[in-house]
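As numbered in my numbering, residues 81 to 274 make up the sequence shown, in order.
The beta-carbon is built from N, C-alpha and C at its ideal position, and this holds for glycine as well.
All remarks here apply to the structure that follows.
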Amino acid sequence: MELKKPTIILDLDETLIDTKEIKRRIFNLVEKTGVPRGVAVGVYRQMRKKSAFDQRRYCFELKKTGYKVNPNLFNNLFSKPKDYNYRGAEQFLKNLSKHFNLLLLTFGVPSFQNKKIEQAGFKQFFQKVLITEQESKLDLLRTLKSGTGKIILIDNSKVSIYTAKRLNAPAILVKNRKSGVPDYRAILTKLKEV
């Protein structure tokens, strides 16, 4: 990693890829097995209050409600390359990588997050990919700030933005346009201000 360039730490979910679409497809798959959509969504929400999504645990929690779902049901969820990438995300990363070191810092269960990362095809842009099961990302942000010089966080999570600001690191909150796609031009404009 070239330390002369500032480092941008990017989030994955809802910043570069459409995880709402991933969830919609998960619920559709589960519904096709006979689980009512309300149950599928309710179990997902309850599970997410405690931790990141994990397909095995999700199936275990569904079983508690009387529905048996095989975790292998989700094996093809990420079979189509770049299927969930936001329009413009790849070009955004190409532009950033010319002027910044890029790190991917994402919240989730490593096995599930790695599938998303591989499917997206973004690994080539990042000097390092870090996956944490700590939603605020505090410990990793603290370590990165102390070790890499100037860092800038780009994330859709207000919790992560707050954490970065507590560490006196510039942060940009990703906002979506009415179309649901992040406004990458607005982010590039804000980067010039930090």
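Per the DSSP calculation, residue i is bridged to which residue(s)?
i, result
"Pro151", "In the DSSP output, where bridge partners are listed per residue, Pro151 has none listed."
"Asn181", "Thr87"
"Ala251", "Leu233"
"Asn256", "Pro262"
"Ile241", "According to DSSP, which records beta bridges pairwise, Ile241 is partnered with nothing at all."
"Asp277", "Nothing about residue 277 can be read from this structure; the chain reaches only from 81 to 274."
Are the C-beta of residue i and some C-beta of chain E separated by less than 8 Å?
i, result
"Lys162", "The structure shown has no chain E; it contains just one protein chain."
Can you tell me which of the three DSSP states residue i falls into?
i, result
"Lys85", "coil"
"Pro190", "helix"
"Leu109", "helix"
"Thr212", "strand"
"Asn165", "strand"
"Asn156", "coil"
"Gln126", "helix"
"Leu145", "The question names Leu, yet the displayed sequence has Thr at residue 145. Looking at Thr145 - three-state DSSP - the assignment turns out to be coil, as it is neither helix nor strand."
"Ala132", "coil"
"Gly118", "helix"
"Gln199", "helix"
"Phe205", "helix"
Kindly examine the ligand MG and report whether one of its heavy atoms sits closer than 7 Å to the Cβ of residue i.
i, result
"Ile231", "The model depicted lacks the ligand MG and carries no ligand whatsoever."
Checking 8 Å against the spacing of the C-beta atoms, do residue i and residue j come in under that value?
i, j, result
"Pro262", "Phe180", "no"
"Leu92", "Lys203", "no"
"Ile211", "Gln199", "no"
"Lys245", "Ala251", "yes"
Buried or exposed for residue i, please, with buried defined as at least 16 other CB atoms from any protein chain shown within 10 angstroms of its CB.
i, result
"Val254", "buried"
"Ser159", "exposed"
"Thr145", "exposed"
"Val149", "buried"
"Ala266", "exposed"
"Ser237", "buried"
"Thr113", "exposed"
Relative to the C-alpha of residue i, which candidate in the options has its C-alpha closest?
i, options, result
"Ser191", "Ile231, Tyr264, Arg136, Thr113", "Arg136"
"Lys100", "Leu176, Phe133, Ile232, Ile89", "Phe133"
"Asp98", "Leu268, Asn256, Arg265, Arg125", "Asn256"
"Leu268", "Glu213, Lys178, Glu141", "Lys178"
"Lys230", "Lys238, Leu247, Gly188", "Leu247"
"Tyr138", "Glu170, Ser131, Tyr124", "Tyr124"
"Val119", "Arg167, Leu142, Lys129", "Leu142"
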